[in-house]
Amino acid sequence: MPNYWISLFSRKTYKEWRDAGSPSEACFPDGARGRVARMSKGDFLLCYLSSPDSAFIGVQEVTDAMRDGGSVVWGNQFPLTLPIKNLAFLEPDEAIRYLSLEFLPTMAGRDEGRRVPSRGRVGSSGNVFPPDDGKQVVDAILKLAKVAKQIDAAGLEPVARLPSPLITVAAPAPPALPITTAPVVVPPAVAVAVAQDQAETTEHHAAQALLVKLGRKLGRDVWVAKNDRAKLAALNGSAASDVMLDMLPKLSNNPRVQNLIELIDVLWLRNGDFEAAFEVECTTSVYSGLLRMSDLVTLQPNIAMKMYIVAPGVRREKVRSELHRPTFAEALSTPLHMRCRYLSIENLKTLEGVPEAFWESFMVSVIDKMSETIDGPAKAAAG
Numbered sequence: 073m074p075n076y077w078i079s080l081f082s083r084k085t086y087k088e089w090r091d092a093g094s095p096s097e098a099c100f101p102d103g104a105r106g107r108v109a110r111m112s113k114g115d116f117l118l119c120y121l122s123s124p125d126s127a128f129i130g131v132q133e134v135t136d137a138m139r140d141g142g143s144v145v146w147g148n149q150f151p152l153t154l155p156i157k158n159l160a161f162l163e164p165d166e167a168i169r170y171l172s173l174e175f176l177p178t179m180a181g182r183d184e185g186r187r188v189p190s191r192g193r194v195g196s197s198g199n200v201f202p203p204d205d206g207k208q209v210v211d212a213i214l215k216l217a218k219v220a221k222q223i224d225a226a227g228l229e230p231v232a233r234l235p236s237p238l239i240t241v242a243a244p245a246p247p248a249l250p251i252t253t254a255p256v257v258v259p260p261a262v263a264v265a266v267a268q269d270q271a272e273t274t275e276h277h278a279a280q281a282l283l284v285k286l287g288r289k290l291g292r293d294v295w296v297a298k299n300d301r302a303k304l305a306a307l308n309g310s311a312a313s314d315v316m317l318d319m320l321p322k323l324s325n326n327p328r329v330q331n332l333i334e335l336i337d338v339l340w341l342r343n344g345d346f347e348a349a350f351e352v353e354c355t356t357s358v359y360s361g362l363l364r365m366s367d368l369v370t371l372q373p374n375i376a377m378k379m380y381i382v383a384p385g386v387r388r389e390k391v392r393s394e395l396h397r398p399t400f401a402e403a404l405s406t407p408l409h410m411r412c413r414y415l416s417i418e419n420l421k422t423l424e425g426v427p428e429a430f431w432e433s434f435m436v437s438v439i440d441k442m443s444e445t446i447d448g449p450a451k452a453a454a455g
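Here's what the structure looks like:
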């Protein structure tokens, strides 16, 4: 039966190891010699980011016995090495938080009522884990790494760059009327426009509902524009309203800024701070949301929250062309396309497949993997 051991990293040492090409060796200080000598082929190393992250970031399998001669990355600073096979690694912001794994023991923190990871488990490199707990941690890392890989792949796949489809909705047949009543003729163009508006409205609120659901899965507070709340509740039931914030924290003493923020389609907040803003654009014009974002960065240029335009893949080129209008690209100190990323509804939907147990470990950075900065058209070379 394999043993499971802790291998500690700080953010700094983890970056140094990754920058060196993730060499196939685990490195330990001389003080851990007795524990490292007990590690053997087939054992697993639970790679752990120390405080303030306090999270499992990867898993390695030991392939040979301890060596003493300095490491590739740090030389004699960490003289003890183990040949290993890297099985899976996560990005620091997506690592599995120790406290999200309820089967692991905790201890009292400095603040009353606060629990922190057990030092006996993750306090030092070379600490040994009970086999059952160690196996569960390995399984969790491997599963989350697989999901993260799928998300990476989804984010890298080109979104369909097709023109918006022509909507050919047939006009509804008029009901039978008494012979004495003149039939009401609905012009086909009007019927098509009405059907298109209804389809776009439904798609808009479906995307909002998905953003509410994903935000809550991430443990965020969620705000929905006041003018959309009733429609969203009508489409998704009262449960949708129950998870939305009733009042928005004050971001600015400028009432124009505050009113503008309250009209943004969906906001995610973390511990009372604004974290991400989403404008859903399913209409043919793809303009109103961009204008709202532009007004916001004009009135509040130092605003730190992430911004996203959410639209179907078939509208990507329309979003690109609107983002690069002079109003948005040249009139602002920082062009809007550099502040506001494009997120396709199709990519957003792939996040619904992430297992429930791992949502606490995902951060908003996962949305950046699914979104993109849309550059403008290439400029013609001077003749």
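Residue numbers for the sequence shown follow the working numbering, so the first one is 73 and each next one is one higher. Note that the Cβ used here is the ideal one computed from N, Cα and C, for glycine as well. Please read all numbers here as calculations on a predicted model, not as lab measurements.
Within a 10 Å sphere around the beta-carbon of Leu408 sit 16 or more other beta-carbons, which makes this residue buried. A Cβ-Cβ separation of about 3 Å places Arg107 in contact with Gly198 under the 8 Å criterion. Cβ-Cβ distances below 8 Å link Pro203 to Met73, Pro74, Asn75, Tyr76 in the same chain, with the five nearest sequence neighbours on each side left out; the list follows chain order. Leu216 has its alpha-carbon roughly 27 Å from the corresponding atom of Val145. Put simply, the segment 351-369 touches the segment 321-336. At least three CB pairs are less than 8 Å apart.
With the rule of 3 Cβ pairs closer than 8 Å, the segment 167-182 does not count as touching the segment 131-144. Asp115 and Phe161 have their C-alpha atoms spaced approximately 17 Å apart. Secondary-structure assignment with DSSP links Arg193 through no beta bridge to anything. DSSP, read as helix, strand or coil, puts Val358 in coil. At the C-beta level, Val382 and Val358 stay beyond 8 Å of one another. Between the C-alpha atoms of Glu97 and Ser79 there is a straight-line separation of about 11 Å. Sequence-distant Cβ neighbours of Ala349 in its own chain, meaning closer than 6 Å and more than five residues away, are Ile336, Leu339, Met377, Met379. Around the C-beta of Thr153, 16 or more other C-beta atoms lie within 10 Å, and the residue is accordingly described as buried. Excluding the 5 residues flanking it on each side, Arg364 has same chain C-beta neighbours closer than 7 Å at Leu332, Leu335, Ile336, Glu351, in chain order.
By the criterion of a C-beta distance shorter than 7 Å, Pro177 is surrounded in its chain by Ser190, Arg193, once the five residues flanking it on both sides are discounted. Nearest in C-alpha terms to Leu286, of all of Pro384, Thr274, Val315, Asn299, is Val315. Cβ-Cβ distances below 7 Å link Ala220 to Leu162, Glu166 in the same chain, with the five nearest sequence neighbours on each side left out; the list follows chain order.
Residue environment for Glu424: exposed (fewer than 16 other C-beta atoms within 10 angstroms of its C-beta).
Of all alpha-carbon atoms in Ser126, Phe150, Pro151, the one lying nearest the alpha-carbon of Arg187 is that of Ser126. Going by C-alpha positions, Met111 is about 14 Å away from Lys157.
Excluding its 5 nearest sequence neighbours in each direction, Ile375 has C-beta neighbours in its own chain below 7 Å: Leu368, Val369, listed in chain order. Counting along the chain, Lys87 sits inside the alpha helix (DSSP H) bounded by residues 83-91. For Gln132, the secondary structure class from DSSP, reduced to helix, strand or coil, is strand. Partner residues in the beta bridge of Leu118, as assigned by DSSP, are Ile78, Val131.
Exclusion of the five residues before and after Leu117 leaves Trp77, Ser79, Ala98, Gln132 as the residues of its chain whose Cβ lies within less than 6 Å of its Cβ.
Per DSSP, Asn158 lies in no alpha helix (DSSP H); the unbroken beta strand (DSSP E) holding it starts and ends at 152-161.
For Ser143, the closest of Asp345, Ala92, Gly181 by C-alpha to C-alpha distance is Ala92. Here Arg186 carries a coil assignment [DSSP, helix/strand/coil]. Taking a contact as a CB-CB distance under 8 Å, the pair Arg413 and Glu444 counts as one, their CB atoms being some 6 Å apart. Cβ contact annotation for Leu420 (same chain, cutoff 8 Å, sequence separation greater than five): Ala279, Leu282, Leu283, Leu286, Val382, Met442, in chain order. For the set Gln372, Asp345, Ser82, Ser405, the Cα lying nearest the Cα of Ser196 is the one of Ser82. For the 8 Å CB-CB criterion, Val294 and Leu317 form a contact.
Beta-bridge pairing by DSSP links Gly142 to no other residue.
Beta-carbon to beta-carbon, Arg342 and Arg288 are separated by about 12 Å, too far to satisfy the 8 Å threshold. For the set Ala297, Ser123, Leu214, the Cα lying nearest the Cα of Gly181 is the one of Ser123.
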